[in-house]
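**Q**
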Amino acid sequence: MSKTYQLAIVGATGLVGRTALKVLEEKNLPNFEYKLFCSKKSAGTTIRFLGKDYIAEELTEKSFDKGFDFAIFSAGGDTSKKFAPIAASKGCIVIDNSSAFRMDEDVPLVVPEVNPEAIKQNHGIIANPNCSTIQAVVALKPLDDKYSIKRIVYSTYQAVSGAGKKGLEDLLNKAQEKDLKKFPHPIYNNCLPHIDVFMEDGYTKEEHKMINETRKILGKPDLKITATTVRVPVENCHGESINIEFEKDFDLEEVRNLLKNAKGVKLLDDPKNNVYPLATMANGSDDVYVGRVRRDFSQENSLNLWCVADNVRKGAASNAIQIMEEILRS
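The numbering of the sequence shown is my numbering, which starts it at 1 and goes up by one.
1. Could you compute how far the alpha carbon of L303 sits from the alpha carbon of S161?
2. Return the Cβ separation of F32 and Y5 in integer angstroms, given the expectation that the two are a contact with Cβ distance under 8 Å.
3. With K27 as the anchor, note down where its alpha helix (DSSP H) starts and where it stops.
4. Roughly how many angstroms lie between the CA atoms of C307 and L50, to the nearest whole one?
5. Over the uninterrupted alpha helix (DSSP H) stretch that includes Q135, give me the two end residues.
6. Check whether the Cβ atoms of L36 and A12 sit closer than 8 Å, and answer yes or no.
7. Excluding sequence positions up to five away, which residues of its chain have a Cβ less than 7 Å from the Cβ of D296?
8. Measure from the alpha carbon of S74 to the alpha carbon of each residue in G67, V111, F183, V10, then state which is nearest.
9. What span of residues does the beta strand (DSSP E) with V293 cover, start to end?
10. Please determine, among S330, R329, A320, M324, the residue with the shortest C-alpha to C-alpha distance to G349.
11. Would you mind reading off the limits of the alpha helix (DSSP H) that contains Q322?
12. Residues bridged to N304 by DSSP?
13. Which class does S63 belong to by DSSP, given the choice of helix, strand or coil?
14. Around the C-beta of Q135, are 16 or more other C-beta atoms found within 10 angstroms, so that it is buried, or is it exposed?
15. Is it true that the segment 169-181 meets the segment 264-279, where meeting means three or more beta-carbon pairs spaced less than 8 Å apart?
16. Here's a check: name, in chain order, each residue in its chain whose Cβ is nearer than 6 Å to the Cβ of A100, leaving out the five neighbours to either side.
17. Is the number of C-beta pairs between the segment 280-296 and the segment 239-255 that are closer than 8 Å three or more?
18. Are there 16 or more other CB atoms within 10 angstroms of the CB of N257, so buried, or fewer, so exposed?
19. Between R292, G284, R329, I327, which has its C-alpha nearest A317's C-alpha?
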């Protein structure tokens, strides 16, 4: 008789939590039972899922006493820091979408297409990387394996959905200074070179996340990386311009073939016919779309590319579920 798995969705009423439920509906995994948890404020919310109504319950210290196999946390760092260790202590494998554990040496930071082997190093908690990092490393991994990356320059164009419901509302409501719910300046008709808080060195926390998480996932702690992250007036799907310097020279056609055949990558690279990745193409998909692949003539062994992905799906909800599926396959 097949085992029935118990899965807890923490933060089920939020943007990422609801997207996780949508992805789980699409997958319709066999032998799974679900429990939905949320904050005290949202407790009692009815969510239609897999053809039935679920009541989201308040998350408490006793929530995991019932025995869960997995929990997907999408409720913010403070919630994860408090409740993820409790869940793990009860034998539950936690896949956490917050930044709480990403740089913890004892917690694997996983993108299944890139470093699935790291999952085995978990002690009950597995960290889901930052959305902008996830899509970047999916595209970078096959190139690093072949040519060995020496340096990366990230420039991101990040959608407002990455800032949650309030960020979306600021854009859709065309909110101005006095009515803003999320951003320090209006995002409507603006690009804000400011994601998360500024650090003492002038970089934002988001930029540090991309730098440090890329190093950890690729297993290159000394890799030279710089980043500028920008919020743009797009509802969903992050775009990234990535400049890569390799240790080795490369053949451009071989690069395209590597990307074309890479797991989780869709190559759209026909500029003569105006074919390149767009947010509207990636929306609702779990793939990373790559195009504008070209040699950087200003620096030896260097390449430019453009990648776009759905930051709420592949950048959060779907990646977490793919981690769980990887565990089930192992």
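Beta carbons: idealized from backbone N, C-alpha and C, even for Gly.
**A** Looking at the coordinates:
1. The residue labelled residue 303 in the question sits at position 303 within the sequence shown. The residue labelled residue 161 in the question sits at position 161 within the sequence shown. Each residue's alpha carbon lies about 29 Å from the other.
2. Within the sequence shown, numbered from 1, the residue matching residue 32 stands at position 32. Within the sequence shown, numbered from 1, the residue matching residue 5 stands at position 5. Confirmed, about 5 Å.
3. Residue mapping note: residue 27 aligns to position 27 of the sequence shown, counting from 1. First-last of the alpha helix (DSSP H) with K27: 15-27.
4. Counting from one through the sequence shown, the residue named residue 307 turns up at place 307. Counting from one through the sequence shown, the residue named residue 50 turns up at place 50. It is roughly 32 Å from the alpha-carbon of C307 to the alpha-carbon of L50.
5. Along the sequence shown, one-based indexing puts residue 135 at 135. Annotation: the continuous alpha helix (DSSP H) that includes Q135 extends over 131-147.
6. Translated into the one-based positions of the sequence shown, residue 36 becomes position 36. Translated into the one-based positions of the sequence shown, residue 12 becomes position 12. Yes, they are a contact pair.
7. Stepping through the sequence shown from its first residue, residue 296 is reached at position 296. Closer than 7 Å at the Cβ level, and outside the excluded window around D296, lie N243, S302, L303, N304.
8. Working through the sequence shown from its first residue, we reach residue 74 at position 74. Looking from the CA of S74, the closest CA among G67, V111, F183, V10 belongs to V10.
9. As a first step, residue 293 must be located in the sequence shown, where it is residue number 293. Unbroken beta strand (DSSP E) run through V293: 288-295.
10. Nothing can be reported for residue 349: it is not among the residues displayed for the chain, which extend from 1 to 330.
11. Reading the sequence shown from its first residue, position 322 is the one you call residue 322. DSSP places Q322 in the uninterrupted alpha helix (DSSP H) bounded by 318-329.
12. As a working mapping, residue 304 is identified with position 304 in the sequence shown. Under DSSP, N304 shares a beta bridge with N243, R294.
13. Residue mapping note: residue 63 aligns to position 63 of the sequence shown, counting from 1. It is helical.
14. Residue mapping note: residue 135 aligns to position 135 of the sequence shown, counting from 1. So Q135 counts as buried.
15. Result no; under three Cβ-Cβ pairs closer than 8 Å.
16. Position 100 of the sequence shown, counted from the first residue, corresponds to residue 100. Answer for A100: G77, S80, K81, listed in chain order.
17. Taking a cut-off of 8 Å for Cβ pairs, the segment 280-296 and the segment 239-255 touch, as three or more such pairs fall below it.
18. One-based indexing of the sequence shown puts residue 257 at position 257. Answer is exposed; the Cβ neighbour count stays below 16.
19. Counting from one through the sequence shown, the residue named residue 317 turns up at place 317. Scanning R292, G284, R329, I327 for the CA closest to the CA of A317 turns up G284.
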